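K.L.:
Residues 2 to 295 (our numbering) make up the sequence shown, in order.
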Amino acid sequence: MRINRRQFGVSMLGVLGRPTAAQETPDMPMDRVATGFRFTEGPAWSREGFLLFSDVPNDKIMKYVPGQKATVFRENSNGANGNCFDAQGRFYTCESRTRRVVRMDKKGEMQVLAEKWDGKRLNGPNDIVVRKDGHIYFTDPAFGNQADTRELDFFGVYHISPKGDLQLIAKPVGRPNGIALSANGHILYVANSDEHNVRAYDVDRGGEVSHERVVITGVDGVPDGIRVDDKGNIYVTASGVAVYDAQGKLVETLGMPETPANCAFGDTDLESLYITARTSLYRARRNVKGALQY
Numbered sequence: 002m003r004i005n006r007r008q009f010g011v012s013m014l015g016v017l018g019r020p021t022a023a024q025e026t027p028d029m030p031m032d033r034v035a036t037g038f039r040f041t042e043g044p045a046w047s048r049e050g051f052l053l054f055s056d057v058p059n060d061k062i063m064k065y066v067p068g069q070k071a072t073v074f075r076e077n078s079n080g081a082n083g084n085c086f087d088a089q090g091r092f093y094t095c096e097s098r099t100r101r102v103v104r105m106d107k108k109g110e111m112q113v114l115a116e117k118w119d120g121k122r123l124n125g126p127n128d129i130v131v132r133k134d135g136h137i138y139f140t141d142p143a144f145g146n147q148a149d150t151r152e153l154d155f156f157g158v159y160h161i162s163p164k165g166d167l168q169l170i171a172k173p174v175g176r177p178n179g180i181a182l183s184a185n186g187h188i189l190y191v192a193n194s195d196e197h198n199v200r201a202y203d204v205d206r207g208g209e210v211s212h213e214r215v216v217i218t219g220v221d222g223v224p225d226g227i228r229v230d231d232k233g234n235i236y237v238t239a240s241g242v243a244v245y246d247a248q249g250k251l252v253e254t255l256g257m258p259e260t261p262a263n264c265a266f267g268d269t270d271l272e273s274l275y276i277t278a279r280t281s282l283y284r285a286r287r288n289v290k291g292a293l294q295y
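Spelled out as structure tokens, the structure:
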């Protein structure tokens, strides 16, 4: 189904008010490619030509092949939220109900990568990214009943080395949510839902992070999933999909018929932005490729 954003009373600039000249962009087509879900999250594109995404309340991971109807990839997903692939084609999931990070190999075998820190259960891993050399980064906020039953007294951002060592790399005051890496894998971005901002960290060749700073402030809405394209632009799902340049300047906002939760680049040319938004999955064609780590 082809969506005309203006049918929904929102322009390309969402709810940000009167646009400036720098924010005006051509109206690019957006398709609703799958619908009928309860709350979609965690889109992840596979080099094998399909997209996986979570339907969190329905406890499923769905599979979408362009041009086909979405099918169930995994039942009983333990509240799967954020997902991603690595360079070997292995599939990573943040399970919100079991409060752990798992990896599925190409044979379907599951491995638990993280579930405790300092002997206590994680709050509820939310989103995840893997660098091409195997370094894993994920966020651990606490939403809903996770906040009432959590064992840790902080929110965390974690790093798992290729050897499997778990390291706490940040303890933000607000809840960290979406996470992404720059095209060269040397900058880690983390959205903070409570502070309405995005932080950046330098990442060295060994996967260690340093130089924490805020690169985006005043996000309209609640920042959730984020992605980066190969020009360094940062895509933040909140009220709409806000697009910032590498310096944190807002350059565009994609208005949405439903509130978005996350996004990911896909298709064979990596120039389609897939957006999970409440009951549906949308696709918007872009003139830039996504920054994938594999």
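We put the beta carbon where it would ideally sit given N, CA and C, even for glycine. Only a predicted model underlies this, so the values are computations on that prediction, with no experimental measurement involved.
1. Closest to Ser162 by C-alpha separation, out of Arg206, Ala192, Gly233, Glu259, would be which residue?
2. Roughly how many angstroms lie between the CA atoms of Leu53 and Gly43, to the nearest whole one?
3. According to DSSP, is Arg19 helix, strand or coil?
4. Please name the residue, chosen from Ile276, Gly241, Ala247, that lies closest to Asp230 on a Cα-to-Cα basis.
5. Alpha carbon to alpha carbon, what distance is there between Thr238 and His1?
6. Would you call Glu25 buried or exposed, if buried means 16 or more other Cβ atoms sit within 10 Å of its Cβ?
7. My guess is that Asn1 and Thr277 are in contact by the Cβ rule of under 8 Å, so how many angstroms apart are they, rounded?
8. Give the C-beta separation of Lys133 and Gln294 to the nearest angstrom, bearing in mind that I take them to be a contact with Cβ-Cβ under 8 Å.
9. Count the other CB atoms, across all protein chains shown, that sit within 10 Å of the CB of Pro27; report buried if there are 16 or more and exposed otherwise.
10. Using the Cα positions of Leu1 and Gly291, report the straight-line distance between them to the nearest angstrom.
11. Thr41 to Thr72, Cα distance in whole Å?
12. Output the distance between the C-alpha atoms of Ala23 and Leu251, rounded to the nearest integer angstrom.
13. Taking the alpha-carbon of Met257 as reference, which of Ser97, Tyr65, Pro142, Leu282 has the nearest alpha-carbon?
14. Please report the residue range of the alpha helix (DSSP H) in which Thr150 lies.
15. Shortest alpha-carbon distance to Gly80 belongs to which of Pro67, Phe74, Ile62?
16. Assuming the contact rule is C-beta atoms closer than 8 Å, Ile170 and Val199 should be a hit. Round their C-beta distance to whole Å, please.
17. How many Å lie between Arg214 and Glu49 at the Cα?
18. What residue range is occupied by the uninterrupted beta strand (DSSP E) comprising Gly50?
19. Where does Gln24 fall in DSSP's three states?
20. List, from N- to C-terminal side, the beta strand (DSSP E) runs of 3 residues or more that fit wholly inside the region 117–149.
21. When DSSP builds the beta bridges, which residues end up paired with Tyr283?
22. What residue from Ala184, His197, Val210 has the CA that sits closest to Ile217's CA?
23. Among Arg101, Ala285, Trp118, Arg33, whose alpha-carbon lies nearest the alpha-carbon of Gly267?
24. Check whether the Cβ atoms of Arg104 and Arg91 sit closer than 8 Å, and answer yes or no.
25. Assign Ala35 to buried or exposed, taking buried as 16 or more other Cβ atoms, counted over all protein chains shown, within 10 Å of its Cβ.
26. Which of helix, strand or coil does DSSP assign to Glu110?
27. I need the boundaries of the beta strand (DSSP E) containing Asp203, first residue and last residue.
28. Quick check: is any heavy atom of the ligand ADP less than 7 Å from the C-beta of Tyr245?
P.N.:
So, from the data block:
1. In the sequence shown, counting from the first residue as 1, residue 162 sits at position 161. For the residues Arg206, Ala192, Gly233, Glu259, the minimum Cα distance to Ser162 belongs to Arg206.
2. If you number the sequence shown from 1, residue 53 lands on position 52. If you number the sequence shown from 1, residue 43 lands on position 42. Rounded to the nearest angstrom, the two C-alpha atoms are 8 Å apart.
3. The sequence position of residue 19 within the sequence shown is 18, counting from 1. With a pLDDT of 30 at Arg19, under the threshold of 50, the modelled position of that residue is not reliable, and no figure is offered here.
4. Looking up residue 230 in the sequence shown gives position 229. Per the Cα distances, Ala247.
5. The structure shown does not extend to residue 1, since the chain spans only 2 to 295, so no value can be given for it.
6. In the sequence shown, the residue the question calls residue 25 occupies position 24. Here Glu25 scores only 35 on pLDDT, less than 50, and its place in the model should not be relied on; the value that follows carries that caveat. Glu25 should be labelled exposed.
7. No information on residue 1 is available, as it lies outside the stretch 2 to 295 that the chain covers here.
8. By 1-based counting over the sequence shown, the position of residue 133 is 132. By 1-based counting over the sequence shown, the position of residue 294 is 293. About 5 Å separates the two Cβ atoms, so the contact holds.
9. In the sequence shown, residue 27 corresponds to position 26, counting from 1. Confidence at Pro27 is low in this model, with a pLDDT of 44, below 50, so its placement is unreliable and the value that follows should be read with caution. Under this definition Pro27 is an exposed residue.
10. Here the chain covers residues 2 to 295 and nothing more, so residue 1 does not appear.
11. Locating residue 41 in the sequence shown gives position 40, where the first residue counts as 1. Locating residue 72 in the sequence shown gives position 71, where the first residue counts as 1. Going by the C-alpha atoms only, they are around 14 Å apart.
12. As a first step, residue 23 must be located in the sequence shown, where it is residue number 22. As a first step, residue 251 must be located in the sequence shown, where it is residue number 250. In this prediction, Ala23 scores a pLDDT of 35, lower than 50, which makes its location untrustworthy; the coordinate-derived value is nonetheless stated afterwards. Their Cα atoms are separated by approximately 9 Å.
13. As a first step, residue 257 is located in the sequence shown; it is residue number 256 there, counting from the start. It is Leu282 whose Cα lies nearest to the Cα of Met257.
14. Start at 1 with the first residue of the sequence shown, and residue 150 comes out as number 149. Note, Thr150: alpha helix (DSSP H), 146–150.
15. Residue numbering aside, residue 80 sits at position 79 when the sequence shown is read from its first letter. Residue Ile62 is the option with its Cα nearest to Gly80.
16. Stepping through the sequence shown from its first residue, residue 170 is reached at position 169. Stepping through the sequence shown from its first residue, residue 199 is reached at position 198. That belief does not hold up - the Cβ atoms of Ile170 and Val199 are roughly 16 Å apart, past 8 Å.
17. Numbered from 1 along the sequence shown, position 213 holds the residue referred to as residue 214. Numbered from 1 along the sequence shown, position 48 holds the residue referred to as residue 49. Those two C-alpha atoms are separated by around 36 Å.
18. Sequence index remark: in the sequence shown, residue 50 carries index 49 (1-based). Counted as a single uninterrupted DSSP element, the stretch harbouring Gly50 is not any beta strand (DSSP E), since DSSP gives it neither H nor E.
19. If you number the sequence shown from 1, residue 24 lands on position 23. Because the pLDDT of Gln24 is 44, which lies under 50, any placement of that residue in the model is unreliable, and the question is left without a value.
20. 129–131, 137–141
21. Counting from 1 along the sequence shown, the entry for residue 283 is found at position 282. Arg33, Ile276.
22. As a working mapping, residue 217 is identified with position 216 in the sequence shown. For Ile217, the nearest C-alpha among the options comes from His197.
23. Reading the sequence shown from its first residue, position 266 is the one you call residue 267. Of the candidates Arg101, Ala285, Trp118, Arg33, the one whose C-alpha sits nearest the C-alpha of Gly267 is Ala285.
24. For the purposes of this step, residue 104 is taken as residue 103 along the sequence shown, with counting starting at 1. For the purposes of this step, residue 91 is taken as residue 90 along the sequence shown, with counting starting at 1. In this structure, Arg104 sits near Arg91, with a CB-CB distance shorter than 8 Å.
25. Counted from its first residue, the sequence shown places residue 35 at position 34. The residue is buried, with at least 16 neighbouring Cβ atoms inside 10 Å.
26. Reading the sequence shown from its first residue, position 109 is the one you call residue 110. Coil at Glu110, not helix or strand.
27. Residue numbering aside, residue 203 sits at position 202 when the sequence shown is read from its first letter. Asp203: member of the beta strand (DSSP E) spanning 198–204, first to last residue.
28. The ligand ADP is absent from the structure shown, which contains no ligand whatsoever.
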